[in-house]
Amino acid sequence: QWDEPRVCSRRYLKVDFADIGWNEWIISPKSFDAYYCAGACEFPMPKIVRPSNHATIQSIVRAVGIVPGIPEPCCVPDKMNSLGVLFLDENRNVVLKVYPNMSVETCACR
Amino acid sequence: SHTAPAWSAQSAAADGLLRDKHSQRPLGDGAATLGPGAQDMVAVHMIRLYEKYSRRGARPGGGNTVRSFRAKLEVVNQKAVYFFNLTSMQDSEMILTATFHFYSEPLRWPRAREMLCKPRAKNASCRLLSPGPPVRQHLLFRSLSQNTATQGLLRGAMAVAPPPRALWQAKDISHIVKAARRDGELLLSAQLDSEERDPGVPSSSPHAPYILIYANDLAISEPNSVAVTLQRYDPFPAGDPEPRAAPNISADPRVRRAAQATGPLQDNELPGLDERPAHAPHVQHYHKHELWPSPFRALKPRPGRKDRRRKDQDMFMASSQVLDFDEKTMQKARRK
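Now the structure itself:
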């Protein structure tokens, strides 16, 4: 993790449902690649962090220092993927649900 | 209808299906989650739907949720009736389709006919014994709300033609389930009624019927929707006492203390020793060093009783101005 780039980018994270205690009722998957976003959104922001217009303005205002206390924009998930989860409900019936926004495809500064 | 593989093939199908794409290993622990006897047809069917979605992103039934409901077999008036408890459906789940899956076998001819008629036999007797009109079977669906003793309201009846060979069949019961849910009757019963002498009560076998409900969960895009259905602490609290709430657990022995803030903690001066500027009227001003004796003053060890007596003499002697030394020290001093 230590040699990760400084700039806002997607980092690897594998989530094992056993680690969060949900494996007793989740049949499948037992784990999945969730990823996460981390890194700087400081001025000047490279195109790769796909800043929103607001983030661009905010980072300039912060760099110029007109208004004290303005933080730099945040590195957050941009495009995300769904995940189908097969689990047992309280009556031990099998349920399949497709949850949106469960894993990160791309990150961006917002 | 979908052909039901023979049971051995079926369990092989289950094994084959229990291969999880993500971890490329047989779904061993997934099967463990299902429980020993629970890899029945409904589980195999649901795992097949999961595999289809995981592999091709095919949304099951066009929605984002599929709920399965296992049957509970009861005998009512010497007839086998299967009950389905649909109460686990969430209010936010809009029903798209509901299907009833049941395993049916061809009607058995009486033994005698089988003995007499060899396959493709020519003799007339077989022709005479040709099978009569196929016995018709009906599927009767009733709905009832929780804990009512009645047989429930008849919601639908479907004719079922006996199949040429044993296989699983599926019937669309969307209108029945939607009407029952609209009336708040989330207990459904299904009965296979046939005109022929009652074939007796089937044992609750892995061939028990089941219901699948394909729905669109309108709340699934809400923030934290995954926690609503998956964030649980005791997965199956039914029956077993809460391990944490042991009856004789005493009140928490620890005393909860709140840290009372004594007055506004604006500074770290000791309360009551306020140093106010000299110009303030009638203020006894202290100098800092008078207020704060050096924090590093070493603690003197407490002298023993004898020492104390000697110390008292010393003290007395010390009060005189001249220090007295022993003779040797005086001589040395005179010489110097």
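Note that the protein sequences, when read in sequence, are chains A and B.
1 is the number of the first residue of the first sequence in my numbering; add one for each residue after it.
1001 is the number of the first residue of the second sequence in my numbering; add one for each residue after it.
Where is the CB? At the ideal position from N, CA and C, for every residue including glycine.
Predicted model, so just to flag it, every value in this text is computed and none were measured.
Under 7 Å from the C-beta of residue i: neighbouring residues of chain B
| i | result |
| --- | --- |
| D19(A) | By Cβ distance, chain B contributes nothing, its closest Cβ being about 14 Å from D19(A), past 7 Å. |
| D89(A) | S1088 |
Inter-residue spacing [alpha-carbon to alpha-carbon] between residue i and residue j
| i | j | result |
| --- | --- | --- |
| L88(A) | F43(A) | 48 Å |
| S31(A) | L96(A) | 16 Å |
| L1218(B) | V1228(B) | 13 Å |
| T1347(B) | Q1039(B) | Chain B is shown from 1001 up to 1336; residue 1347(B) falls before or after that span and cannot be answered. |
| Q1137(B) | R1059(B) | 34 Å |
| R1067(B) | C107(A) | 34 Å |
| H1175(B) | Q1078(B) | 28 Å |
| A63(A) | M45(A) | 11 Å |
| A55(A) | K1052(B) | 40 Å |
| P1106(B) | L1153(B) | 30 Å |
| W22(A) | Y1214(B) | 24 Å |
| V61(A) | N53(A) | 12 Å |
| T1065(B) | N1216(B) | 6 Å |
| V49(A) | R10(A) | 10 Å |
| I20(A) | N93(A) | 22 Å |
| R6(A) | V104(A) | 18 Å |
| K144(A) | P29(A) | Since the first and last residues shown for chain A are 1 and 110, residue 144(A) lies out of range. |
| D1324(B) | M1330(B) | 9 Å |
| A1071(B) | S82(A) | 31 Å |
Neighbour list for residue i in chain A, Cβ cutoff strictly below 8 Å
| i | result |
| --- | --- |
| Y1053(B) | G84, L96, V98 |
| T1229(B) | F87, D89, V95, K97 |
| R1056(B) | Those within 8 Å of R1056(B) in chain A number zero; the least Cβ separation is about 11 Å. |
| D1217(B) | K97 |
Where residue i meets chain A, residues with beta-carbon distance less than 9 Å
| i | result |
| --- | --- |
| F1083(B) | The contacting residues do not exist; F1083(B) stays about 12 Å from chain A at best. |
| M1158(B) | Chain A residues near M1158(B): none, gap ~23 Å exceeds 9 Å. |
| A1208(B) | Within 9 Å Cβ-Cβ: nothing; A1208(B) doesn't reach chain A, min ~13 Å. |
| M1094(B) | In chain order: nothing, as chain A lies at least about 14 Å away. |
| S1143(B) | Chain A residues near S1143(B): none, gap ~17 Å exceeds 9 Å. |
Proximal chain A residues relative to residue i, where beta-carbon distance stays under 7 Å
| i | result |
| --- | --- |
| F1069(B) | N93 |
| G1060(B) | Per the sequence shown, the amino acid found at residue 1060(B) is Pro instead of Gly. Per Cβ cutoff of 7 Å: L96. |
| A1043(B) | V94 |
| N1064(B) | K97, V98 |
| D1091(B) | None at all; the shortest Cβ gap to chain A is about 15 Å. |
| S1225(B) | Y99 |
| S1221(B) | P100 |
For residue j and residue i, believed in contact at Cβ under 8 Å, the rounded distance
| i | j | result |
| --- | --- | --- |
| F1069(B) | I1211(B) | 4 Å |
| N91(A) | S1088(B) | 5 Å |
| R110(A) | P68(A) | R110(A) to P68(A), Cβ: 22 Å. No contact. |
| Y35(A) | I1220(B) | Not confirmed; about 21 Å, so no contact. |
| S1104(B) | P1163(B) | 6 Å |
| L1230(B) | I26(A) | 7 Å |
| Q121(A) | I66(A) | Outside the shown range of chain A (1 to 110) lies residue 121(A), about which nothing can therefore be said. |
Proximity test, residue i beta-carbon vs the ligand HEM heavy atom, cut-off 7 Å
| i | result |
| --- | --- |
| G1152(B) | In the structure on display, the ligand HEM does not appear, and there are no ligands present to speak of. |
Counting Cβ pairs closer than 8 Å, one from the stretch 1180-1193 of chain B and one from the stretch 1138-1145 of chain B, do we hit at least three? yes
I want to know whether the stretch 1094-1109 of chain B touches the stretch 1155-1173 of chain B - three or more CB-CB distances under 8 Å. yes
Could you list the residues in the stretch 1152-1184 of chain B with a C-beta less than 9 Å from some C-beta on chain A, going in chain order? none
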